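Visitor:
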Amino acid sequence: QQEVKAIAYSPGTGTNGCLIAATLTGAYISTDGGQQWVPTGSPVPSSPLNAAAATDTFLFAGTTGSGVARTSDHGTTWTLCNTGLADTTVTLLAVFDRVLYAACDNAVFRSTNNGATWLAVGPSPAPSTVANLTFIRRDGAPPTVFAYGSGGMYRVDDGEAAWTKIREEGTPPYDIFSSGLAAIDSLLITVSPYVVSTS
């Protein structure tokens, strides 16, 4: 039995799609809808994993100290894809509109080519130790990226010069939520132990 840190699904890899689970002992793959899980044999994603993401072509794992690893053959072989990624401890991975985002200890990065190269999203000040990352798109404009980390809630319109802090850490209702940040259309939803808030 493993502690699963993250899970992601790719509909385009395999007849029934493919699931990847990121655990403290490495990546596990399922090609039958989660009925059976197989540990991957490659040593690349074998370090403690924090994050997982998937596109139609690739599965991604966020590692502790080795950056981002990707596979296109159900985990048989893995490749590190860290060009431009200035931090190799990846705490969170997300895909939005075919763009891959990686949250690291002190920055957030984006890749438009399946991890081949990375660019920082908004230079400092940036959120650190990001626990949640979500996106809102309005009227066809580039997405607004929301991140909650140890310093509070931040936002940046993808392509802008810098992050804007919109809530200090500890400011209700943004004080304790660690896994409750989501977006539906243009609505941002945050969850704390006692409050569900929208904005």
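In this note's numbering, each number is its position in the sequence shown, counted from 1, plus 193.
Cβ coordinates follow ideal geometry from the N, Cα and C atoms, glycine included.
Here the structure is a predicted model, which means the values were calculated and not measured.
Can you tell me where the beta strand (DSSP E) with T256 in it begins and where it stops?
Guide: 252-256
Visitor: Cβ atoms of P232 and T256: under 8 Å apart, would you say?
Guide: no
Visitor: Where C211 and A220 are concerned, what is the direct C-alpha to C-alpha distance, given to the nearest angstrom?
Guide: 12 Å
Visitor: To the nearest angstrom, report how far apart T224 and H267 are at their CA atoms.
Guide: A straight line joining the alpha-carbon of T224 with that of H267 spans about 8 Å.
Visitor: With a Cβ-Cβ cutoff of 8 Å, do L242 and G260 count as a contact?
Guide: In this structure, L242 sits away from G260, with a CB-CB distance that is not shorter than 8 Å.
Visitor: Would the beta-carbon of A340 fall within 8 Å of that of A313?
Guide: Result no, Cβ atoms of A340 and A313 do not sit closer than 8 Å.
Visitor: For R291, count the other beta carbons within 10 Å of its own beta carbon; 16 or more makes it buried, fewer makes it exposed. Which is it?
Guide: exposed
Visitor: Excluding sequence positions up to five away, which residues of its chain have a Cβ less than 7 Å from the Cβ of E196?
Guide: T216, L217
Visitor: Considering only C-alpha positions, which residue in the set A300, Y294, P335, T337 is nearest to T322?
Guide: Taking only the C-alpha atoms, the option nearest T322 is A300.
Visitor: State the start and end residues of the unbroken beta strand (DSSP E) segment that holds A245.
Guide: 242-247
Visitor: Which residue wins for smallest C-alpha separation from G277, given the options T310, G344, T327?
Guide: It is T310 whose Cα lies nearest to the Cα of G277.
Visitor: Under a three-way DSSP split, which group does S321 fall into?
Guide: Of the three classes helix, strand and coil, the one that applies to S321 here is coil, per DSSP.
Visitor: Taking just the CA atoms, how far does S240 sit from S343?
Guide: So the alpha carbons of these two residues sit roughly 24 Å apart.
Visitor: If you compare alpha carbons, which of A199, K198, G234, T250 is closest to G205?
Guide: T250
Visitor: Would you kindly check if the distance between the Cβ of R330 and the Cβ of V338 is under 8 Å?
Guide: no
Visitor: Find the nearest neighbour of A199 within the set G315, T284, R360, judged by alpha-carbon distance.
Guide: T284
Visitor: So A246 packs on L286, CB below 8 Å; how close in whole Å?
Guide: 4 Å
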